[in-house]
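Going down the list, the protein sequences come from chains A and B.
The numbers in my numbering rise by one with no breaks, and the one at position 73 of the first sequence is 57.
The numbers in my numbering rise by one with no breaks, and the one at position 60 of the second sequence is 89.
Just so you know, even glycine gets a beta-carbon here, dropped at the ideal spot from N, CA and C.
All values reported here derive from a predicted model rather than from experimental measurement.
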Amino acid sequence: KQEVTQIPAALSVPEGENLVLNCSFTDSAIYNLQWFRQDPGKGLTSLLLIQSSQREQTSGRLNASLDKSSGRSTLYIAASQPGDSATYLCAVPPNDYKLSFGAGTTVTVRA
Amino acid sequence: NAGVTQTPKFQVLKTGQSMTLQCAQDMNHNSMYWYRQDPGMGLRLIYYSASEGTTDKGEVPNGYNVSRLNKREFSLRLESAAPSQTSVYFCASSDYEQYFGPGTRLTVT
């Protein structure tokens, strides 16, 4: 069974600092890896999807890397803003249909 | 383009009552999913439908049934609600990248 771990569970940084969020998974036979953002009381918003053949994916201030061989992905958020405060989850599908989620990293960006 | 929509947004049930959670997507996706999210347990897959006409159990299917009514709609039914089913329920759809609905907050007393 795919196990997904996110460290740290919570992170608090001052505005402007870069954020580094980690995700590790036990089974490297993945199709892709997806990063989500969840605001309190809301649904999940997809941020980035990295295909298994890619090593990284970028969208604006967000950059996600993927190292399948070591079972790791890292989400970088540059120049953090208070609006970046949310819970960030990573998820991997061991097959085409089922996503295994990490527990998330809750980020607080202090103004 | 509404994406994934869910109804209702909130629901309170008494133990033993039944209800159906509705989900619809307008992205022409083949696959649809139902998850529940509980504090300390993360997101867990209840049922999924890889394509119209098929459904399969996920990690926590007991106490639930699903219907893939057509390509757009995927409903989740609680036949006899129990307090352990108090949770936030999310529907999602995908052809590759998963997109989530806003959730239904269900309380069973």
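Check: Would you call Lys52 of chain A buried or exposed, if buried means 16 or more other Cβ atoms sit within 10 Å of its Cβ?
Finding: For the purposes of this step, residue 52 of chain A is taken as the residue at position 68 of the first sequence. Looking at its Cβ environment, which holds 16 or more other Cβ atoms inside 10 Å, Lys52 of chain A is buried.
Check: Taking just the CA atoms, how far does Glu(-1) of chain A sit from Ser80 of chain B?
Finding: Counting from one through the second sequence, the residue named residue 80 of chain B turns up at place 51. Counting from one through the first sequence, the residue named residue -1 of chain A turns up at place 15. Straight-line Cα distance between these residues: approximately 44 Å.
Checklist line | Alpha carbon of Tyr97 of chain A to alpha carbon of Gln(-14) of chain A, nearest angstrom | finding: Only positions -15 to 95 of chain A appear in the structure, and residue 97 of chain A is not among them; the question remains open.
Checklist line | Within chain B, the residues that Gln18 of chain A reaches when beta carbons sit closer than 8 Å | finding: As a working mapping, residue 18 of chain A is identified with position 34 in the first sequence. The contacting residues are Glu126, Gln127.
Check: Tyr77 of chain B CB to nearest chain A CB: under 8 Å?
Finding: What you label residue 77 of chain B is simply residue 48 of the second sequence in a count that begins at 1. Interface residue, yes.
Margin query: If we define contact as Cβ-Cβ less than 8 Å, is Ser49 of chain A a contact residue for chain B?
Written below: By 1-based counting over the first sequence, the position of residue 49 of chain A is 65. Closer than 8 Å: no.
Margin query: Rounding to the nearest angstrom, what Cα-Cα distance links Val(-12) of chain A and Asn57 of chain B in this structure?
Written below: Counted from its first residue, the first sequence places residue -12 of chain A at position 4. Counted from its first residue, the second sequence places residue 57 of chain B at position 28. Computed Cα separation, rounded: 29 Å.
Check: If you measure beta-carbon to beta-carbon, which residues of the stretch 79 to 93 of chain A are closer than 9 Å to chain B?
Finding: So the list reads Asp80, Tyr81, Lys82, Leu83, Ser84, Phe85, Gly86, Ala87, Gly88, given in the order they occur along the chain.
Checklist line | beta strand (DSSP E) segments (min. 3 residues) lying fully within the stretch 35 to 80 of chain B | finding: 39 to 42, 48 to 54, 60 to 67, 71 to 78
Next item on the list: Rank B:Val41, B:Asn94, B:Tyr77 by C-alpha distance to the C-alpha of Gly139 of chain B and give the top, closest one.
Entry: Residue 139 of chain B falls outside the range modelled here, since chain B spans only 30 to 138, and no answer is possible.
Check: What residues are listed by DSSP as bridge partners for Arg134 of chain B?
Finding: Counting from one through the second sequence, the residue named residue 134 of chain B turns up at place 105. Note: Arg134 of chain B sits in a beta bridge opposite B:Phe39, B:Val117.
Margin query: Using the Cβ count rule (16 or more neighbours within 10 Å means buried), how would you classify Val146 of chain B?
Written below: Any answer about residue 146 of chain B is impossible in this case: the structure gives chain B only from 30 up to 138.
Next item on the list: Report the option in B:Phe129, B:Leu105, B:Lys43 whose CA atom is closest to the CA atom of Val89 of chain B.
Entry: Stepping through the second sequence from its first residue, residue 89 of chain B is reached at position 60. Residue B:Leu105 is the option with its Cα nearest to Val89 of chain B.
Notebook entry, point to check: Between Thr115 of chain B and Glu108 of chain B, what straight-line distance do the alpha-carbon atoms span, to the nearest angstrom?
Noted result: For this step, residue 115 of chain B is matched to residue 86 along the second sequence. For this step, residue 108 of chain B is matched to residue 79 along the second sequence. Spanning the two alpha carbons is a distance of roughly 14 Å.
Margin query: Is there a C-beta anywhere in chain B that falls below 8 Å from the one on Ser30 of chain A?
Written below: For the purposes of this step, residue 30 of chain A is taken as the residue at position 46 of the first sequence. Taking a beta-carbon distance threshold of 8 Å, Ser30 of chain A counts as an interface residue toward chain B.
Check: Between Arg21 of chain A and Leu50 of chain B, what straight-line distance do the alpha-carbon atoms span, to the nearest angstrom?
Finding: Position 37 of the first sequence, counting from 1, holds the residue named residue 21 of chain A. Position 21 of the second sequence, counting from 1, holds the residue named residue 50 of chain B. Answer to the nearest angstrom: the Cα atoms are 24 Å apart.
Next item on the list: Run the CB neighbour count on Gly61 of chain B, radius 10 Å, all protein chains shown included, and call it buried at 16 or more, exposed below.
Entry: Against the second sequence, residue 61 of chain B aligns to sequence position 32. First, the amino acid is wrong: residue 61 of chain B is Met here, not Gly. Buried.
Note to self: Using a Cβ-Cβ cutoff of less than 8 Å, which residues in the same chain neighbour Ser47 of chain B once the five nearest sequence positions on both sides are dropped?
What the structure shows: Here the question's residue 47 of chain B lines up with position 18 in the second sequence. Correct list, in chain order: Arg106, Leu107, Glu108, Ser109, Ala110.
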